[in-house]
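Under my numbering, the residues of the sequence shown are numbered 3 to 263, in order. Just so it is clear, CB atoms sit at the ideal spot from N, CA and C, and this is done for glycine as well. These notes concern the structure reproduced below.
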Amino acid sequence: CSDKTGTLTKNKLSLAEPYTVEGVDAEDLMLTACLAASRKKKGLDAIDKAFLKSLRYYPRAKSVLSKYKVLEFHPFDPVSKKVTAVVESPQGERIICVKGAPLFVLRTVEEDHPIPEEVATDYKNKVAEFATRGFRSLGVARRRGEGHWEILGIMPCSDPPRHDTAKTVNEASTLGLSIKMLTGDAVGIARETSRQLGLGTNIYNAEKLGLGGGGEMPGSEVYDFVEAADGFAEVFPQHKYNVLQILQQRGYLVAMTGDGV
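In structure tokens, the structure reads:
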């Protein structure tokens, strides 16, 4: 079993053209996304590096970013699938900025107030479209002062496979190893990456497993399901552990490469 980002792929992200909700300026989207990024000089993750590197294309956002004071910063949480920052604007306004898995970010806004159906549908359709094109998407939202949460849009990132991954996958298969991808990214992205690498594309949303390991399926059925699958997407760390346990209980010698376990 392998995770995707940084193991099968380079973990060197580049940003594409963002999708903004109607009425939202791309500069505001980029500023909010960069505010929800670590300001450390060392140890920046690939996502924050990509955002800060792309700031040069957003001159207004770049010119004001340093004028915001960071009050709180909460790094990426693998359960909430978001990064959260609380900042103070140059005018003294308190703003909560989040970026992360698009549907989790959308849910943050929906839990605060109803979103027009058309806005939510367009947003979800864009997430699906980016995924089928192999883009990893990050949703961006903010809450200004005591106001409501606002969904701002989506920033698509590409993370190409490592140059040697397809060859390694082929060699492993020749040696009789079966490889399953376990990734926190969307199903569409996982399938597209698998296709590029010559892995199987029977990849399912980890929701089917449930956090207890079997979702709605009876015991023997979930064991068969995991054994036959080529991988799972939108996983939490607990899902990775469950998949490994199931395969071990079926008598397989299992290794897990990458992080998250």
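Assign A235 to buried or exposed, taking buried as 16 or more other Cβ atoms, counted over all protein chains shown, within 10 Å of its Cβ. Looking at its Cβ environment, which holds 16 or more other Cβ atoms inside 10 Å, A235 is buried.
Cβ shell of A38 (< 7 Å), same chain only, five flanking positions each side left out: Beyond the five residues adjoining it in sequence on each side, A38 comes within less than 7 Å, by CB distance, of V85, T86, A87, C99, V100 and K101 in the same chain, given in chain order.
Between the CA atoms of L249 and V256 - distance to the nearest angstrom: The straight-line gap from Cα to Cα measures roughly 7 Å.
What residues are listed by DSSP as bridge partners for C159? Per the DSSP secondary-structure output, C159 pairs in a beta bridge with L17 and R138.
Between which two residues does the alpha helix (DSSP H) harbouring A168 extend? Run containing A168: T167 to T176, per the alpha helix (DSSP H) assignment.
Using a threshold of 8 Å, state whether the C-beta atoms of V81 and F227 are closer than that. Cβ distance not < 8 Å, so V81 and F227 don't count as in contact.
Where H241 falls, given that 16 or more other Cβ within 10 Å makes a residue buried: It is buried - the Cβ of H241 has at least 16 other Cβ atoms within 10 Å.
Same chain, Cβ closer than 6 Å to T11, five either side skipped, listed in chain order: Around T11: D161 and P163.
How many Å lie between L246 and M258 at the Cα? Counting only the Cα atoms, M258 lies some 8 Å from L246.
Length of the line joining the Cα atoms of I97 and A63: Rounded to whole angstroms, the separation of the alpha carbons of A63 and I97 is 15 Å.
Option in E173, M32 and I49 with minimal Cα separation from L15: Nearest in C-alpha terms to L15, of all of E173, M32 and I49, is I49.
Backbone CA spacing between A231 and E19 [nearest angstrom]: Rounded to whole angstroms, the gap between the alpha carbons of A231 and E19 is 33 Å.
Where are the beta strand (DSSP E) runs, 3 residues long or more, that stay fully inside the stretch 63-130, in chain order? 71-79, 84-90 and 96-102, all fully within the stretch 63-130.
Just the Cα atoms here: how many angstroms apart are G25 and L67? C-alpha separation (whole angstroms): 21 Å.
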